[in-house]
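Residue numbers (my numbering): 398 to 543.
Cβ coordinates follow ideal geometry from the N, Cα and C atoms, glycine included.
All figures in this text were calculated on a predicted structure; none of them were measured in a lab.
So the structure is just underneath, and the comments pick up after that.
The structure is reproduced here in structure tokens:
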């Protein structure tokens, strides 16, 4: 896989979470928009707007079952309406690693590995859903080349 396949501007066209048991949920909620840009120099920038973010507790319970009060408290994050991050990126086998050097939220700092797949003019970035440990639920962001 070469860096050249990534280079350019991509528009968010879909998001989802799914697991091996066929359970599915919307990741960012209806109306989500976004853009990710990869440069030839090895830098990237991602920006997303979520006008109707889903309730994180409800999404987690879809994949992990009923949550305890302690788990619910740990998920009591403000609903993100916008987020962005930027930095260098590198490709290793089937993974693109985003380096969150600049970010709007702490969860987007540091190394952010994403599995990738190219299908036609689409780029699908995936990772295990971080809020349901022990689950095989994966988040998928579907991007279309602009």
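(1) Alpha carbon to alpha carbon, how far is residue 419 from residue 517?
(2) How close, in whole Å, do the beta carbons of residue 486 and residue 525 come, if the pair is a contact with beta carbons under 8 Å?
(3) Comparing C-alpha positions only, which one of 496, 479, 439 sits nearest to residue 399?
(4) Name the residue from 480, 508, 421 whose alpha carbon lies nearest to the alpha carbon of residue 447.
(5) With respect to the alpha helix (DSSP H) encompassing residue 461, which residues constitute its N-terminal and C-terminal limits?
(6) Flag this pair as yes or no: are the beta carbons of residue 445 and residue 455 separated by less than 9 Å?
(7) Under 8 Å by Cβ, that's how I've got residue 521 and residue 508 pegged, so tell me the actual separation to the nearest angstrom.
(8) Roughly how many whole angstroms lie between the Cα atoms of residue 466 and residue 511?
(9) Look up residue 399 in the DSSP assignment and say whether it is helix, strand or coil.
(10) Could you check where the beta strand (DSSP E) with residue 502 kicks off and where it finishes?
(11) Which residues in the same chain have their Cβ closer than 6 Å to the Cβ of residue 442, if we skip the five residues on either side of it in sequence?
(12) What span of residues does the beta strand (DSSP E) with residue 481 cover, start to end?
(13) Apart from the five residues on each side of it in sequence, which residues of its chain come closer than 6 Å, Cβ to Cβ, to residue 535?
(14) What's the call for residue 503, buried or exposed, on a 16-neighbour Cβ count within 10 Å?
So, from the data block:
(1) By 1-based counting over the chain shown, the position of residue 419 is 22. By 1-based counting over the chain shown, the position of residue 517 is 120. The alpha-carbon atoms of residue 419 and residue 517 are separated by roughly 25 Å.
(2) As a first step, residue 486 is located in the chain shown; it is residue number 89 there, counting from the start. As a first step, residue 525 is located in the chain shown; it is residue number 128 there, counting from the start. The pair is not a contact, with the Cβ atoms about 19 Å apart (cut-off 8 Å).
(3) To locate residue 399, count along the chain shown from 1; it is residue 2. When each option's Cα is compared against that of residue 399, the closest is 439.
(4) One-based indexing of the chain shown puts residue 447 at position 50. Considering only alpha carbons, the answer is 480.
(5) Taking the first residue of the chain shown as position 1, residue 461 is located at position 64. Residue 461 -> alpha helix (DSSP H) spans 453-461.
(6) Within the chain shown, numbered from 1, the residue matching residue 445 stands at position 48. Within the chain shown, numbered from 1, the residue matching residue 455 stands at position 58. The answer is no: Cβ separation not under 9 Å.
(7) Mapped onto the chain shown, residue 521 falls at position 124. Mapped onto the chain shown, residue 508 falls at position 111. With a Cβ gap of about 20 Å, residue 521 and residue 508 do not count as contacting.
(8) Residue 466 sits at position 69 when you count from the first residue of the chain shown. Residue 511 sits at position 114 when you count from the first residue of the chain shown. So the two alpha carbons sit approximately 30 Å from each other.
(9) The count along the chain shown starts at 1 and reaches residue 399 at position 2. Looking at residue 399 - three-state DSSP - the assignment turns out to be coil, as it is neither helix nor strand.
(10) Counting from one through the chain shown, the residue named residue 502 turns up at place 105. Counting along the chain, residue 502 sits inside no beta strand (DSSP E), nor does DSSP assign it H or E at all.
(11) In the chain shown, the residue the question calls residue 442 occupies position 45. In its chain, beyond the 5 residues on either side, 434, 483 have a beta carbon closer than 6 Å to the beta carbon of residue 442.
(12) As a first step, residue 481 must be located in the chain shown, where it is residue number 84. Residue 481 -> beta strand (DSSP E) spans 479-489.
(13) For this step, residue 535 is matched to residue 138 along the chain shown. Cβ neighbours of residue 535 within its own chain (closer than 6 Å, five residues either side excluded): 523, 525.
(14) For the purposes of this step, residue 503 is taken as residue 106 along the chain shown, with counting starting at 1. Per the 10 Å Cβ criterion, exposed.
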